[in-house]
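Numbering (our numbering), first residue to last: 718 to 1320. Below is one structure, written out as structure tokens, with a few remarks after it.
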Ligand code: SER
């Protein structure tokens, strides 16, 4: 037991140990890029990797889980710069997958806050779901409020928020993407000032900081927009590490905690300025570069680009650079600053394995931005001559010269130029929709949509993974995968274009396995056994101690199978269900990485 929880590591240890004692299994943080949800770009909550299990699939580690998950949320990017907002953050979470429900969840939260973190009850307040008549007549959560009162929370410190399903700020959480598990929640707030908290709680008073959210996930939002009751009642909670740590140290500013101070100190050194005078700029630099380091360091190699996650990454890096220049940092600094971020997170092995890649990519992006910055400024001056920049022009500055809109806006303000933001937003949204559609293909497995079509393509992906090794090279490994109901897409390491004979050979190898009607078997075994049995794993991915392994059996082989992969599924039961496998495209995806798109056709 930790005497006084003061540091990031103390908090994480205290949380995980507490829930372990309550019979939760600790699961590792998943990638920042969701495997199972093509409707969003980043993992936004600890529950994200657990979607299939919240929907009813059995989790190999049981019904009680806990984790600390790295997350990115960009919808609040404009608010970054204040004391409490971040694009990257860590979320502590505990889950019940159809096991305990409201009473235990609230009791666990209360016990952890007041007994382990020793936070005084008289600085706590909560919101509870106020019901929603527009959707299935969802009732007011009186039960939740009563549990809080029984634990000792005064009535005046409970606020019911209504109309939760449609308004994002109310007591309803999820789904994380467009569809998936969701439900009413109770949010826990802490009075951040040293002076006593007001007797009654006003959730609109920003001096109350939300630190934890307990969601009672009982519904699934479907594609058609309906809220269907789930077979199992789940609990999903999320507690922000940055905010809670600030609270524990009596700080009103998250950036003054030990998670950010080494970064801020380095920015002060490089710029020769003081944090107290350049708070907003330094917070943006620290936040955006921390997020960039985590995106670049993720196991799913993302680079700055103009689409999908790469596009968010580019915006974060460039915005940080712009603020760096504003506070007087003249030389390239992002790569250097990344070195002060890494030691804060010794537990994310991937950051340390990829530290060279992180530094190189930052340097390259900063050079690129330096090059377009001047040209862009010239263009900006031309465009701004008549004192108005249209939305289309602002978008051109963004797309061709990499100027984030905030930067164009700032430049315009300095020169008294107006920007047609409405038109810009329209252009931007149109572009986002396009890139969202094109990047909706980046993720492994089709679990968000476990239709028959995606299930079949998922099994076909396993066959392709093996076929590549059999036909081309034993060294081939999966570097990325995405499945839509129409096609699969698979990235792998290989140095050159494939010949048409090789493509034919791959198709033949796979179609032979489909015709042979091979059985697909699922088993749950310890990770160690899975790896020693020859199961394919994703390079760099972290797995829990117990994993599910899918084997495609083949009695014609000496070892009795042709494919074995650690995978959450789902898959068909027999390869005979797949139809005819056809490669429709083979192309380069990145340097040294090839990409295959393929479909399954009716016989
Ligand atoms: N999913 C909920 C949230 O993100 C609780 O973890 O707040």
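Every residue, glycine too, gets a C-beta built ideally from N, C-alpha and C. Bear in mind that the values here come from a model prediction, so they are computed numbers and not experimental data.
Around the CB of residue 1088, fewer than 16 other CB atoms lie within 10 Å, so the residue is classed as exposed. Exclusion of residue 894 from the 7 Å shell around the ligand SER follows from its C-beta lying no nearer than that to any non-hydrogen atom of the ligand.
In the pairwise beta carbon analysis, the segment 810 to 824 is classified as not touching the segment 794 to 801: fewer than three pairs are separated by under 8 Å. Of the residues 1307, 1293, 899, the one whose Cα lies closest to the Cα of residue 1319 is 1293.
A straight line joining the alpha-carbon of residue 942 with that of residue 895 spans about 9 Å.
For residue 1285, there is no enclosing alpha helix (DSSP H), as DSSP marks it with neither H nor E. In its chain, beyond the 5 residues on either side, 800, 801, 803, 959, 960, 962, 963, 977 have a beta carbon closer than 8 Å to the beta carbon of residue 971. As the crow flies, the alpha-carbon of residue 1023 is around 19 Å from that of residue 1108. With 16 or more other Cβ atoms inside 10 Å of its own Cβ, residue 836 counts as buried. Residue 762 has its CB nearer than 7 Å to a heavy atom of the ligand SER. Less than 8 Å divides the Cβ of residue 751 from the Cβ of residue 765.
Distances from the alpha-carbon of residue 1309 to those of 1005, 1230, 1212 put 1212 closest.
Taken through DSSP and simplified to helix, strand or coil, residue 766 comes out as helix. Pairing residue 898 with residue 966 gives a Cβ-Cβ distance that is not under 8 Å.
Judged by DSSP secondary structure, residue 1137 falls outside any beta strand (DSSP E); it is assigned neither H nor E. Contact between the segment 777 to 787 and the segment 1038 to 1052 is not established, with fewer than three Cβ pairs separated by less than 8 Å. Distance from residue 954 to residue 931 at the Cβ level is roughly 5 Å; contact confirmed, criterion being Cβ atoms closer than 8 Å. If you check the CB distance, residue 1145 and residue 1231 do not come in under 8 Å.
Residue 891 has its CB nearer than 7 Å to a heavy atom of the ligand SER. Beta-bridge pairing by DSSP links residue 903 to 931.
It is roughly 13 Å from the alpha-carbon of residue 1262 to the alpha-carbon of residue 1284. At a cut-off of 7 Å, the beta-carbon of residue 932 counts as near the ligand SER: some heavy atom of the ligand is closer than that.
Selection 1300, 806, 892 evaluated against residue 757 yields 892 as nearest (Cα-Cα). In this structure, DSSP gives residue 757 a state outside helix and strand, which the three-state scheme calls coil. Out of 1187, 1124, 1238, the CA that lies nearest to the CA of residue 1225 is found in 1187. Residue 900 has its CB no nearer than 7 Å to any heavy atom of the ligand SER. In this model, residue 1191 and residue 1304 are separated by some 20 Å (Cα to Cα). The three-state reading of DSSP puts residue 1232 in helix, counting H, G and I together. Annotated three-state conformation of residue 1046 is coil, per DSSP.
Each of 790, 1291, 838, 1307 was checked against the Cα of residue 1030, and the nearest Cα belongs to 790.
Note on residue 728: 16 or more other CB atoms within 10 angstroms of its CB, so buried under the neighbour-count rule.
Within the segment 1005 to 1085, the complete alpha helix (DSSP H) segments of 4 residues or longer fall at 1025 to 1043, 1051 to 1058, 1066 to 1070, listed in chain order. Residue 983 has its alpha-carbon roughly 28 Å from the corresponding atom of residue 1126. Along the segment 1161 to 1235, the beta strand (DSSP E) occurs as fully enclosed runs of 3 or more residues at 1195 to 1200, 1205 to 1210, listed in sequence order. Within the same chain, 1044 come within 6 Å of residue 990 by CB-CB distance, once the 5 residues on both sides are set aside.
In the three-state DSSP reduction, residue 833 falls in the helix class (H, G or I).
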